[in-house]
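Chains as they are written, first to last, in the numbering used here: chain A, 1 to 135; chain B, 136 to 270. Glycine included, C-beta positions come from ideal geometry on N, C-alpha and C. Just below is one structure, and these are the notes that go with it.
There are 2 protein chains.
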Amino acid sequence: MISGKFAITIHILTLLTKFPDEYLSSEFIAGSINLHPVLVRKEIANLKKNSIVESKEGKNGGTKLLKSAAKISLDTIFRMTFDTVSFGFSKNEPNPNCPVGKQINKNLENLYGKINEKISLQLSSISLEDFSNQF
Amino acid sequence: MISGKFAITIHILTLLTKFPDEYLSSEFIAGSINLHPVLVRKEIANLKKNSIVESKEGKNGGTKLLKSAAKISLDTIFRMTFDTVSFGFSKNEPNPNCPVGKQINKNLENLYGKINEKISLQLSSISLEDFSNQF
DNA sequence: AAAACTGTAACATTTTTTATTACTTAATAA
DNA sequence: TTATTAAGTAATAAAAAATGTTACAGTTTT
C-alpha cells in the first residue's frame with residue numbers, strides 16, 4: 001500500500017497549482033482534504049525541505065508553489081514521500097541459519113529496487129501540471 | 136509499502152521450490168521465516184485458494200507446490216497478496232464540496248492503476264524458478 | 001489410540017498512522 | 001502597539017492495521 005502521505009501531498013500540490021498566485025492556509029487545504037491542519041503543515045514542511053513550496057507565517061500567510069507545476073514531476077513527490085524504498089518491506093528478520101532465510105532479504109531488496117525503478121520511470125513522465133489539468 | 140504478505144509468501148514459495156517433492160510443515164517454514172506457524176498457515180490458505188500449492192493434513196502432512204516453479208510468475212503472487220489494488224490508498228474521504236476534493240480519488244486511482252500495470256509487467260517476466268535460482 | 005499435522009476462529013499485543021492539544025514565533029492590519 | 005491570523009513544532013492521544021498467540025476441532029499415519 002502506498003502511504004497516505006503520497007495522496008495527501010498530491011492533494012496539497014493540486015490545490016496550490018489551482019491557485020498559483022495565492023498563499024493558501026493549512027486550514028483551507030485541510031478543509032479540502034478533510035484532514036487535521038497540523039498534518040497538512042507536516043507534509044508542507046516536507047515539501048519545503050525539498051524546495052517545492054514556500055510558506056509565509058503570520059496573518060494572510062500560507063503556502064504557495066516555488067516553481068511552476070510543469071516543472072514538478074510526480075516522481076519527485078513519490079521519492080519525497082518515502083524515506084527509504086517505497087515498495088519495500090518493514091521489519092523482517094528471517095532465520096540466518098537457513099540458506100533461504102539468510103539470503104531472502106537481499107534478494108527481495110533487489111527485486112523491490114527494480115520495481116521502484118519502474119514506478120519512478122512511469123511517474124517521471126507525469127508533471128504536476130498534467131495531473132492538475134484533469135480537474 | 137508493500138505488505139509483508141508478499142515477502143512472506145515469496146519466502147514460503149522459495150522453500151517449497153527448494154524441496155519440490157516434500158510436504159513441508161508450517162512449523163518448518165515458520166522456522167525459516169521466523170514467524171508464527173499460524174501466520175504461515177494463513178498465507179498458505181491464500182496460496183491454496185489460488186491453486187498454487189496443496190496441503191496434506193495429519194501426520195507427515197504439510198504443503199507442496201501444485202505446479203512447477205517455472206510456471207509460477209511473481210506477478211501472480213503480487214496480485215494474490217493484495218485484495219484490492221496494491222499501490223493504492225487506504226481510507227481517504229476528501230471534501231465533496233471542493234472541486235479538487237471531489238475528483239482526487241478518481242484521479243489517484245487512475246494513476247495507481249497505471250503504476251500497478253507497470254509493476255505487474257515487471258513481475259510477470261520473473262518466475263518463481265528465476266527467483267529461487269538466486270539462492 | 002497416540003502422535004503429528006492442518007484449519008480456523010477468537011483474542012491479544014504491537015506497531016503505525018492519524019488526530020489533537022498546546023504553545024511559540026511571525027506577519028499584518030486596525 | 002496591540003489584536004489577529006497564520007505557520008512551526010513537540011508532546012500526547014486515539015484509532016487503525018499488522019502481527020502474534022491460544023485454543024481447539026478435524027485428519028492422517030503409525
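Sub-8 Å separation of residue i and residue j beta-carbons
i, j, result
"Ser73 (chain A)", "Ser26 (chain A)", "no"
"Pro234 (chain B)", "Phe135 (chain A)", "yes"
"Thr198 (chain B)", "Leu246 (chain B)", "no"
"Ile143 (chain B)", "Ile168 (chain B)", "yes"
"Leu258 (chain B)", "Asp210 (chain B)", "yes"
"Tyr23 (chain A)", "Lys49 (chain A)", "no"
"Gly166 (chain B)", "Asn92 (chain A)", "no"
Contact set for residue i: own chain, Cβ-Cβ below 6 Å, skip 5 residues either direction
i, result
"Asn230 (chain B)", "Gly236"
"Leu13 (chain A)", "Leu128"
"His146 (chain B)", "Ile168"
Burial state of residue i, where buried means 16 or more other Cβ atoms lie within 10 Å
i, result
"Phe145 (chain A)", "Absent from the model: residue 145 (chain A). The displayed extent of chain A is 1 to 135, so no value can be given."
"Ile250 (chain B)", "buried"
"Ser186 (chain B)", "exposed"
"Leu121 (chain A)", "exposed"
Distance between beta carbons of residue j and residue i, contact taken as under 8 Å
i, j, result
"Met215 (chain B)", "Asn242 (chain B)", "About 27 Å; that fails the 8 Å criterion."
"Leu276 (chain B)", "Val188 (chain B)", "Nothing in the structure corresponds to residue 276 (chain B), since chain B is present only between 136 and 270."
"Phe213 (chain B)", "Phe141 (chain B)", "7 Å"
"Glu264 (chain B)", "Ala205 (chain B)", "4 Å"
"Lys253 (chain B)", "Lys118 (chain A)", "5 Å"
Sequence-distant residues of its chain with Cβ nearer than 7 Å to residue i (five each side left out)
i, result
"Ile239 (chain B)", "Pro229"
> Which residues, in chain order, does the stretch 165-180 of chain B contribute to contact with chain A at a C-beta distance below 9 Å?
Replying inline: Gly166, Ser167, Ile168, Asn169 and Leu170
> Taking Cβ-Cβ distances below 7 Å as the criterion, which residues of the stretch 99-110 of chain A are in contact with chain B?
Replying inline: For chain B, the residues of the stretch 99-110 of chain A that bring a beta carbon within less than 7 Å of one of its beta carbons are Pro99, Val100, Gly101, Gln103, Ile104, Asn107 and Leu108, in chain order.
> Between the stretch 113-128 of chain A and chain B, which residues of the former have CB atoms less than 9 Å from a CB of the latter, in chain order?
Replying inline: Lys114, Ile115, Glu117, Lys118, Ile119, Leu121, Gln122, Leu123 and Ile126
> Which of the residues in the stretch 56-83 of chain A, read from start to end, lie with their CB under 7 Å from any CB of chain B?
Replying inline: none
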